[in-house]
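Asks: After the structure tokens below, expect a handful of questions from me.
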Amino acid sequence: MNYDKVQQMQINKVVEYIEKHIHDPLPLEKLAQVSTYSPFHFQRLFKGIIGETPAGYVKRLRLENAAHLLIYEQQLPITQIALISGYSSLSSFTYSFNTYFKTSPKSWREGAYLQRFPREYQNRKNSKQVSTNKKVGNEQSTYNEFKWLDLSKVQVVQLPECTTVNRYTIGSYINGIPDVWEDLYRWSNARGLVEQDTMMFGVPRNNPYITLPENSRYDCRIAIPNRGEISLDDEVTYTFSGGKYVLYTFDEPVEYSERSMLIECYSELYSYWLPISGYKYLGNPIELVHIEEVNGTLNHTCRISAIALAIEPK
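Take 696 as the starting number for the sequence shown in my numbering and just add one per residue.
So this is what it looks like as structure tokens:
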């Protein structure tokens, strides 16, 4: 079934709302109210566009957030993670986690998550699957364990707040995303929104160790210039709050097909840099994107120039 632009935008608003309020009660009636549709109509639209029921989507997101905390927040007791994830008891959390991930929270934290890593993201030349749990748990960990990142290029920066236009795709992080960028870039450029210093960034909403490729969402976002009246053809805009980020800029922009290398870079930021940096991460990373026109064609190259994590002091 095809869905019109308005329906897709309204469901996307709900997805954004869920992301921001994932730790709050999210009954069907509340989400339907955000969508402006009746609960019955909203549930059918959401399932058709997202591929999951609202309740199933919320439950999966909460469990995946818990799985992320188990890997990268070693200092948090499992019971606390269960409460953060909306479970009233450790036993109910353990049951739900085991049902979804086919392993216990304790085993997951100890490295079982590595078995879930999708084959399509594995780099044939660099197939090392070193447990980041081991890295985090080592109190004597030092920066000389960095293998993918050059520590001298790790920066803490302040990114500006801005308004953006968005497109998103659900599926593998190594296929399809450049096509979405191409569509958004052409739409934005045709309306005079792309300037020399325009901020363009992607938001990988999911961790490939945790979320299966077919459920992984990726947002493409282009900042809108802060000037006068701009015609957006009723396009919904979103606010990027900016703030403090740890930023790593690559010597050469990275292709989306090199996701396995990017995953290793993220792992080193999460597992080496964060534990001894004095900061904690706040949410999804962002990927600064560089788009170039291919001479003599109407095509563009879309590559990742830097990765960044939102942070705040512990």
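No residue lacks a Cβ here, since even glycine has one placed at the ideal position from N, Cα and C.
Note that the structure is a prediction, hence the values are computed from the model and not measured.
From residue 998 to residue 858, what distance separates their C-alpha atoms?
Replies: Spanning the two alpha carbons is a distance of roughly 22 Å.
Asks: Based on Cα-Cα distance, which residue from 850, 737, 728 lies nearest to residue 939?
Replies: The shortest Cα separation from residue 939 among 850, 737, 728 belongs to 850.
Asks: Got a sec? Which residues, its chain only, sit under 7 Å from residue 706 by beta carbon, not counting five neighbours each side?
Replies: Excluding residues within five positions, the ones whose Cβ falls inside 7 Å are 730, 740, 741, 744, 745.
Asks: Please classify residue 790: is it buried, with 16 or more other beta-carbons within 10 angstroms of its beta-carbon, or exposed?
Replies: The residue is exposed, with fewer than 16 neighbouring Cβ atoms inside 10 Å.
Asks: Considering residue 873, what are the terminal residues of the alpha helix (DSSP H) in which it resides?
Replies: Segment 872 to 885, the alpha helix (DSSP H) holding residue 873.
Asks: The beta strand (DSSP E) spanning residue 852 covers which residue range?
Replies: Per DSSP, residue 852 belongs to the beta strand (DSSP E) from 849 to 854.
Asks: Looking at the strands, I want to know which residues DSSP matches up with residue 841.
Replies: The partner list for residue 841 (beta bridge, DSSP) is empty, contrary to what the question assumes.
Asks: Roughly how many whole angstroms lie between the Cα atoms of residue 784 and residue 906?
Replies: For residue 784 and residue 906, the distance between alpha carbons rounds to 24 Å.
Asks: Thinking residue 844 and residue 963 are a contact (beta carbons under 8 Å), I'd like their distance in whole angstroms, please.
Replies: Between residue 963 and residue 844 the Cβ distance is about 5 Å, and since that is below 8 Å, they are a contact.
Asks: Using C-beta distances below 8 Å, list every residue in its chain close to residue 708, excluding the 5 sequence neighbours before and after it, in chain order.
Replies: Correct list, in chain order: 729, 730, 931.
Asks: Taking the C-alpha atoms as reference points, what is the distance between residue 961 and residue 883?
Replies: Approximately 29 Å between the Cα atoms of the pair.
Asks: So, helix, strand or coil for residue 739, using DSSP?
Replies: Helix, per DSSP.
Asks: Rounded to the nearest angstrom, what separates residue 871 and residue 772 at their Cα positions?
Replies: Approximately 38 Å between the Cα atoms of the pair.
Asks: Closest by CA to residue 812, which one among 959, 987, 697?
Replies: Ranking the options by Cα distance to residue 812, first place goes to 959.
Asks: Which one of 700, 732, 733, 876 has the shortest CA to CA distance from residue 995?
Replies: If we check each option's Cα against that of residue 995, 876 comes out closest.
Asks: Quick one: give me the first and last residue of the alpha helix (DSSP H) that residue 1010 is part of.
Replies: In the structure as shown, the chain begins at 696 and stops at 1009. Residue 1010 is therefore absent and cannot be evaluated.
Asks: I'd like to know if the region 710 to 723 and the region 940 to 952 are in contact, where contact means that at least 3 CB-CB pairs between them fall below 8 Å.
Replies: No, they do not touch.
Asks: Give the C-beta separation of residue 974 and residue 1006 to the nearest angstrom, bearing in mind that I take them to be a contact with Cβ-Cβ under 8 Å.
Replies: Their Cβ separation, rounded to whole angstroms, is 4 Å, which keeps residue 974 and residue 1006 in contact under 8 Å.
Asks: Please report the distance separating the alpha-carbon of residue 757 from that of residue 846.
Replies: Whole-angstrom Cα-Cα distance: 32 Å.
Asks: Looking at the structure shown, is residue 718 part of a helix, part of a strand, or coil, going by DSSP?
Replies: If DSSP states are grouped into helix, strand and coil, residue 718 belongs with coil.
Asks: Please say whether residue 767 and residue 965 have beta carbons closer to each other than 8 Å?
Replies: Yes; because the gap between Cβ atoms is below 8 Å, this pair is in contact.
Asks: Expressed to the nearest angstrom, what Euclidean distance is found between the alpha-carbon atoms of residue 827 and residue 981?
Replies: Low confidence applies to residue 827: its pLDDT is 40, below 50, so where it sits in the model is not reliable enough to give any reading.
Asks: Going by C-alpha distance, which of 814, 915, 902 is nearest residue 864?
Replies: Of 814, 915, 902, the residue nearest in Cα terms is 915.
Asks: In the DSSP output, what is residue 781 paired with across the bridge?
Replies: Answer is none; residue 781 lacks a bridge partner.
Asks: I need the DSSP call for residue 938, collapsed to helix, strand or coil.
Replies: Strand at residue 938.
Asks: Skipping 5 residues on each side, what residues in its chain have a beta carbon closer than 8 Å to that of residue 724?
Replies: Excluding residues within five positions, the ones whose Cβ falls inside 8 Å are 734.
Asks: Could you spell out where the alpha helix (DSSP H) holding residue 749 opens and where it closes?
Replies: Unbroken alpha helix (DSSP H) run through residue 749: 749 to 767.
Asks: Exposed or buried, which one is residue 976 when buried takes at least 16 other CB atoms within 10 Å?
Replies: Under this definition residue 976 is a buried residue.
Asks: Look up residue 983 in the DSSP assignment and say whether it is helix, strand or coil.
Replies: Looking at residue 983 - three-state DSSP - the assignment turns out to be strand.
Asks: Pick out whichever of 1004, 704, 937, 759 has its Cα sitting closest to the Cα of residue 781.
Replies: Per the Cα distances, 759.
Asks: Are residue 860 and residue 919 closer than 8 Å when you measure CB to CB?
Replies: A contact, by the Cβ cut-off of 8 Å.
Asks: Helix, strand or coil for residue 1004, going by three-state DSSP, please let me know.
Replies: Residue 1004 falls in the strand class under three-state DSSP.
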